[in-house]
Structure formats: C-alpha cells, structure tokens
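Quick notes on the structure that follows.
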Amino acid sequence: MKILVINSGSSSLKYQLFDMTSGEVLAKGLCERIGGECGIITHKRPGHEPYKAEPVLPDHGAALSLVLGLITDKELGVIEHIDEIEAVGHRVAHGGEMLKSSSLIGEKELEYLYSIVDINPLHGPPAIKGIEACKKLLPKVPQVGVFDTSYYSTIPDYTYICPLPYEYYEKYKIRRYGFHGTSHRFVTAECAKIMGKPLEELKIITCHMGNGSSITATKYGKALDTSMGFTPQDGLIMGTRSGAIDPTVLTYIMKTENVSAQEMDDIINRKSGLLGVSGVSNDCREIWEAADAGNKRAKLALDMLINDVKKIVGSYLAEMNGADALVFTAGIGENDFAVREGVCRDMDFFGIKIDEEKNKNAARGEFNDITAPDGKMKVFIIPTDEEYMIAKDTQNLVK
Ligand code: ADP
Numbered sequence: 042m043k044i045l046v047i048n049s050g051s052s053s054l055k056y057q058l059f060d061m062t063s064g065e066v067l068a069k070g071l072c073e074r075i076g077g078e079c080g081i082i083t084h085k086r087p088g089h090e091p092y093k094a095e096p097v098l099p100d101h102g103a104a105l106s107l108v109l110g111l112i113t114d115k116e117l118g119v120i121e122h123i124d125e126i127e128a129v130g131h132r133v134a135h136g137g138e139m140l141k142s143s144s145l146i147g148e149k150e151l152e153y154l155y156s157i158v159d160i161n162p163l164h165g166p167p168a169i170k171g172i173e174a175c176k177k178l179l180p181k182v183p184q185v186g187v188f189d190t191s192y193y194s195t196i197p198d199y200t201y202i203c204p205l206p207y208e209y210y211e212k213y214k215i216r217r218y219g220f221h222g223t224s225h226r227f228v229t230a231e232c233a234k235i236m237g238k239p240l241e242e243l244k245i246i247t248c249h250m251g252n253g254s255s256i257t258a259t260k261y262g263k264a265l266d267t268s269m270g271f272t273p274q275d276g277l278i279m280g281t282r283s284g285a286i287d288p289t290v291l292t293y294i295m296k297t298e299n300v301s302a303q304e305m306d307d308i309i310n311r312k313s314g315l316l317g318v319s320g321v322s323n324d325c326r327e328i329w330e331a332a333d334a335g336n337k338r339a340k341l342a343l344d345m346l347i348n349d350v351k352k353i354v355g356s357y358l359a360e361m362n363g364a365d366a367l368v369f370t371a372g373i374g375e376n377d378f379a380v381r382e383g384v385c386r387d388m389d390f391f392g393i394k395i396d397e398e399k400n401k402n403a404a405r406g407e408f409n410d411i412t413a414p415d416g417k418m419k420v421f422i423i424p425t426d427e428e429y430m431i432a433k434d435t436q437n438l439v440k
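Residue 42 is where the sequence shown starts when you use the working numbering, and the numbers rise one by one after that.
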C-alpha cells in the first residue's frame with residue numbers, strides 16, 4: 042500500500058510517499074515560498090541526488106500538482122501512476138475538541154476544521170488548503186487527518202481548564218489542547234518497545250525539543266499533562282517563542298508601548314525565546330558558539346532553556362509519582378548533547394543519571410541509551426518520525 046503524507050504550512054508543503062509493505066520512504070520533499078514570486082521545490086529519492094527547481098507556486102494546489110507530477114515522472118518519479126496512491130495522510134495541528142483521534146476527512150470534519158480556525162489561525166488555514174487541494178486532485182483517494190492535539194484527549198480537566206472565568210471555555214473553547222502529540226505518541230510507543238514492556242505499565246516523560254518544543258507526561262499509555270497549551274506558545278522557552286510567561290507582562294507592554302494584540306502575538310511568537318534573550322539566533326548551534334566565545338546573553342538563553350526543561354520534568358515526576366523513562370527527541374533533543382547534559386545534571390534525587398561519554402558520543406539519527414549504570418530511570422534519545430506515524434494511522438483507517 043502506497044500512502045502519501047502531506048504537511049502543509051502557510052507557505053510550504055512537505056511530502057513523503059511511503060510504501061507501507063516495506064515501510065520504506067520512496068520519495069520525499071519540500072515546496073517552499075508558495076504564494077511568492079518564485080517557489081522552490083526539493084525532491085529527494087533514496088540513492089539519488091536531490092532534484093531542485095524554482096517554479097512559480099501560486100497556491101497549495103499548484104504545489105501538490107507539481108509533487109504528483111514529480112513522483113510519477115519517468116526520470117524523477119518513483120511510481121508509474123497516481124492511482125497507486127491508496128490514501129493521503131495529513132498532518133493537522135489542531136483537531137479541537139471533536140476530532141479526538143485520527144479520522145477520515147469528509148464534509149463534516151472539514152466543516153469542523155473551518156469552525157475552529159479562529160482558535161488556530163496560524164496552522165488551520167494551510168492544513169485545510171492541503172486537504173482541499175488533495176480532494177480536488179485525488180478525488181477518489183481517502184483523505185485522513187492526523188491531529189497533533191488528539192493525543193491529549195485523555196488529559197484530565199484539572200490540567201486543561203485555564204484558570205480564567207469558566208465562561209471563556211464555554212463560549213470560545215479556550216482550554217489547553219497540547220501539540221506535537223503525534224511525535225510524543227511515536228516516541229512513547231518506541232520507548233515501550235525498547236523497554237520490552239506494555240505502554241500500560243510505564244510512566245514516560247518525552248521532551249520534543251526543536252524550533253518549537255514541548256514536554257509530555259504519559260502515564261500508563263495515556264497522556265496526563267503536556268507543556269503546550271491553548272496554542273503551541275505555552276511551556277518552555279523555544280527558538281523564537283517565549284513559552285509560559287506572567288500574563289501581566291504582556292498587558293503591561295501593550296499599554297506602555299501602545300502595542301496591539303496582533304503585534305504582541307508577533308513579539309511572543311517570532312521575536313522572543315532563545316532569539317529574543319540571546320540576541321544571536323534561534324538555533325542552538327549558533328547560540329552555543331556565541332556562549333563559548335563569551336557572549337553572556339547567549340549563555341543566559343541556554344541556562345533558561347535547561348532550567349525550563351528541568352522544572353517541567355520535575356513537575357511531571359511529581360504528577361506521576363516518578364517515571365520509568367525520560368526521552369529526548371527532535372532537533373535539539375536528538376543532537377544537542379550539552380543541553381541533555383545540563384537537563385540531567387543534578388537530577389540523581391529522581392534517579393536520573395546519564396553516562397556523559399555515551400551522551401556526548403551518541404550516534405546521530407539513531408536510538409541511544411545514555412543511562413548511567415547506576416541510573417534508576419532510563420534516559421533515551423529516540424529519533425522522532427511523525428510522518429511514519431501519520432502514514433501508519435492512515436493505513437489503519439483505510440484498511
Ligand atoms: P522543527 O521544530 O522546525 O521541526 P527541528 O526539530 O528540526 O525543528 O529542530 C531544529 C532545531 O534543532 C534547530 O533550530 C537547532 O536549535 C537544533 N539543532 C539541530 N541540529 C543541531 C545540532 N547538531 N546541535 C545542536 N542543536 C541542533
């Protein structure tokens with residue numbers, strides 16, 4: 042069975058074509074600058090040089106039709122005809138309160154996605170555009186939505202209700218939803234496999250740390266708490282997002298500098314976090330370089346990141362009465378040994394102890410067990426694979 046996985050951003054469209062029989066990725070790529078004067082497409086196949094072009098991509102439909110052309114192309118393609126695609130799986134950030142698990146996207150589901158665009162203005166419209174483009178170009182092929190939020194349909198009300206007048210939840214569905222669920226679900230399942238135990242017997246804390254970062258506590262197979270909230274803005278400090286902050290700071294800046302709500306959104310989303318504090322970059326590699334060269338604000342940003350992760354992990358250990366494993370994943374989690382070392386330093390009270398050499402020399406892109414011999418809690422690096430998870434859910438739904 043061949044499954045196409047689509048992840049649509051506001052001006053981008055990522056794709057991967059899976060052969061589910063072998064689990065292989067046949068082709069993958071990225072369309073960028075959709076809607077701009079000149080687009081970019083990068084198309085990759087295992088064992089071949091990547092193909093790059095700069096076509097005009099007026100909308101997501103144009104990008105998708107180019108992708109379908111490429112994957113069936115005589116020279117650059119990997120299948121003969123688009124009829125070989127049996128289903129499309131879409132990454133959808135927000136499934137609201139209705140879409141609690143991966144679902145086939147019919148009229149009712151699409152209508153619901155439109156109805157929650159208000160609470161998901163950044164990620165909702167591009168996801169809808171991707172689904173609509175696929176429905177148009179592949180009308181007979183089932184479309185499946187895999188929602189980042191659905192992993193959190195199990196979190197209890199005392200963790201998802203915001204401490205505001207209750208009517209805001211009733212009127213606008215303002216609550217904590219949680220994001221990155223597909224990644225946390227994938228690495229949690231991998232962690233259980235590695236430990237050779239059923240998920241239902243394990244307490245696992247997963248740290249997905251990339252440009253956007255979130256930490257999730259999964260108790261006996263069900264998400265219990267997570268650091269992202271109403272939007273992917275909550276929780277720990279991120280590349281350009283502030284993470285959790287005293288809410289009055291925002292209203293104070295808005296009043297004092299006459300900043301509008303939209304401008305404030307932009308400040309906390311794009312100009313804050315590691316970039317805002319360090320003044321150097323949103324990329325940990327560049328921030329470490331600056332910190333090593335003596336830049337104090339760069340060091341401060343990294344200290345804040347490490348401390349935020351410690352605090353959240355500590356709070357989940359309290360909520361779950363301990364844990365069996367701590368997992369690092371995504372760009373920073375998989376690659377930044379110094380952040381992992383900082384997070385795990387002086388955590389032996391909780392049974393967290395890593396082998397510094399194993400941590401430093403952990404092979405990239407692979408599973409690594411970095412637990413010290415006398416560490417009571419397992420500490421793993423597990424590469425995430427959201428696309429595979431989406432393909433798997435899609436396969437299960439259309440089978
Ligand atoms: P996204 O959230 O966009 O999917 P990724 O998970 O790819 O992001 O993570 C990107 C981030 O990972 C970069 O901004 C950088 O901070 C970090 N990163 C990637 N590679 C390394 C590395 N070798 N060392 C340290 N940090 C890294």
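Ideal Cβ positions, reconstructed from N, Cα and C, are used throughout, including at glycine.
At least one heavy atom of the ligand ADP is found less than 7 Å from the C-beta of Ala371. Annotation: Glu152 to Lys93 spans about 36 Å, alpha carbon to alpha carbon.
If you check the C-beta of Asn402 against the ligand ADP, you find no heavy atom less than 7 Å away. Contact between Tyr210 and Cys203 is confirmed by a C-beta separation of about 7 Å, below the 8 Å threshold.
If you draw a straight line from the Cα of Ser143 to the Cα of Val185, it comes to about 7 Å. Of His131, Asp100 and Gly70, the smallest CA-CA separation from Ala432 is found for His131. Taking Phe369 as reference, the option from Ile278, Lys337, Gly251 and Glu398 with the minimal CA-CA separation is Gly251. Sixteen is the threshold: when 16 or more other Cβ atoms of the shown chains lie within 10 Å of the Cβ of Val318, as they do, the residue is buried. Leu265 has its alpha-carbon roughly 7 Å from the corresponding atom of Pro197. Residues of the same chain with a CB within less than 6 Å of the CB of Gly270, apart from the 5 flanking positions on each side, are Arg217 in chain order. With a cutoff of 8 Å on beta-carbon distance, Ile423 and Val228 are scored as near each other.
Looking at the DSSP output, His249 bridges to Ser255 and Thr370. In this structure, the C-beta of Gly253 approaches the ligand ADP to less than 7 Å from one of its heavy atoms.
Beta-bridge annotation (DSSP): Asp410 is paired with Phe421.
Taking each of Ala68, Leu243, Leu98 and Lys69 in turn and checking the Cα distance to Ser51, the smallest one comes out for Leu98. Not one heavy atom of the ligand ADP is found less than 7 Å from the C-beta of Cys203.
Here the distance from the Cβ of Asn323 to the nearest heavy atom of the ligand ADP is below 7 Å. The beta carbon of Val129 sits closer than 8 Å to the beta carbons of Ile44, Leu45, Val46, Ile47, Cys175, Leu179, Val182, Pro183, Gln184, Val185 and Thr435 from its chain, once the five residues preceding and following it are set aside; these are given in chain order. With a cutoff of 8 Å on beta-carbon distance, Ile246 and Ile256 are scored as near each other. In this structure, His249 sits away from Gly383, with a CB-CB distance that is not shorter than 8 Å. In the assembly as shown, Gly88 is an exposed residue. Its beta-carbon has fewer than 16 other beta-carbons within 10 Å.
Taking C-beta separations shorter than 8 Å and ignoring five residues to either side along the sequence, the partners of Ser322 in its chain run Leu315, Leu316, Ile328 and Ala331, following chain order. Between the C-alpha atoms of Met61 and Leu367 there is a straight-line separation of about 30 Å.
By DSSP's assignment, Tyr56 forms a beta bridge with Ile47 and Gly70.
Checking the DSSP bridge columns, you'll see Lys433 has no partner listed.
Straight-line measurement puts the Cα of Gly372 at about 21 Å from the Cα of Asp396. The region 277-287 makes contact with the region 340-347; the number of CB pairs closer than 8 Å reaches 3 or more. Counting only runs that start and end inside the region 204-250, the alpha helix (DSSP H) elements of at least 4 residues fall at 208-213 and 222-236. For the set Ser254, Tyr201, Gly262 and Phe220, the Cα lying nearest the Cα of Glu231 is the one of Gly262. Within a 10 Å sphere around the beta-carbon of Ser313 sit 16 or more other beta-carbons, which makes this residue buried.
Relative to the non-hydrogen atoms of the ligand ADP, the Cβ of Asn376 comes within a distance shorter than 7 Å of at least one.
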